[in-house]
Each structure stands twice: as C-alpha cells, then as structure tokens.
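Okay, so here's the structure we're looking at.
Residue numbers (this note's numbering): 783 to 948.
Now the structure itself:
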C-alpha cells in the first residue's frame, strides 16, 4: 500500500488572470484536496510563484506535477524536497490573555521567537514564522490559554543554492 505523505509543489507560472483557477481546477477535477496554497508575484512581474501542499502518495504527486506541467501558462513545476529547499509559514493568533497569565504567554513567545503584535486588556495577537511543524507545536502550547482566532498563510518555499524554478 502506498504511503500517504505531505508534499510541497512549487510552480512558476505566467502572472495573468485565470492561471490560478486553472491550476486549482486540476486538483478539484481529480478529487485531491489542497492543504495549503500560496501565490504571489515574483521578482519579475510577468511571473507568479505558487506553493501548493498536497497530501497523497508519490503517484498522486507525480500525476499532479505532470498535469500542471501540461498547462500552457505554467513555466516550471516541481516538488520542493524539504532537504533542498527552505519552507516557511506565517501565523497570527489572537489568544485570551488576562493580566495574570500575560507573562506566561510572553515567555512562550520568547522561546518560540514569536512576537506580540497587538494587545488589549483581554487579548494578545501573536505573530510567528517558521516551519509548519514549529507552528503546529506553538499552537499546541498556546491552546490551553484559549485561541480566539487564528490564521495561517500557507507554506512558501524556495530551493536552496543555485537551484531555482526560473
């Protein structure tokens, strides 16, 4: 039986209307769920860089890469191997922070290199950047304090060294 894992796909595509929709449509038509999707302009305004996190087996990964590569507006696509790329994610979390527990939350932030970006009498908004596993660990630690709202950007990835999707 094939092993189900999380894969990070990186793609460079033309920066024009409808490209993202066509790419996500490939996943939808095949019944694959996108766990995370990030898309943005690159250093060249003619291109967009996309990072898609997919859960599946190797066959699923290679099928999706092959299908994406067939799209006219996709310039290059590949799997961002975690040993050959840098992956990061950003998260904001609003937590309940009564004055008597604030110092504990600030200590946790120092350990995880998170920042307090806003506070009120009853809440703190925390910002943290790192690998998805670091963010997951941070969530587990702050959950008991009461997460009121949370949002994550999704994974972004760039290949290390001379390797690029250009």
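Don't be surprised by glycine CBs; every beta carbon is placed ideally from N, CA and C.
Residues sharing a beta bridge with residue 787, DSSP: Its beta-bridge partners are 838.
Hey, how far is the Cα of residue 900 from the Cα of residue 838? Residue 900 and residue 838: Cα-Cα distance of roughly 38 Å.
Top-ranked residue by Cα proximity to residue 795, from 824, 814, 808, 784: Its Cα nearest to that of residue 795, the residue 824 stands out among 824, 814, 808, 784.
Quick one: grab the DSSP three-state call for residue 934. Here residue 934 sits in strand by DSSP.
Give the secondary structure of residue 851 by DSSP, where H, G and I count as helix, E and B as strand, and everything else as coil. When secondary structure is reduced to three states using DSSP, residue 851 falls in the helix class.
So, is residue 914 buried or exposed, given that buried needs 16 or more other C-beta atoms within 10 angstroms? Answer is buried; the Cβ neighbour count reaches 16.
With the cut-off set at 8 Å, would you say residue 851 and residue 859 are in Cβ contact? Going by C-beta atoms, residue 851 is nearer than 8 Å to residue 859.
My output table needs one value for residue 892: the three-state DSSP class, helix, strand or coil. In this structure, residue 892 counts as helix in the three-state DSSP scheme.
DSSP state of residue 814, grouped into three classes? In the structure shown, residue 814 sits in coil (DSSP, three-state: anything other than H, G, I, E or B).
Would you call residue 810 buried or exposed, if buried means 16 or more other Cβ atoms sit within 10 Å of its Cβ? When all chains shown are included, residue 810 counts as exposed.
How would you call residue 793, buried or exposed, if buried means at least 16 neighbouring beta carbons within 10 angstroms? Buried: at least 16 other Cβ atoms inside 10 Å.
Nearest to residue 874 (by Cα), restricted to the options 906, 849, 863: When only C-alpha atoms are compared, the closest one is 906.
Candidates 918, 868, 843, 812: which alpha carbon is nearest residue 943's? Selected option, being the one with the closest Cα: 868.
Please report how far the alpha carbon of residue 912 lies from the alpha carbon of residue 818, in whole angstroms. Residue 912 and residue 818 have their C-alpha atoms roughly 15 Å apart.
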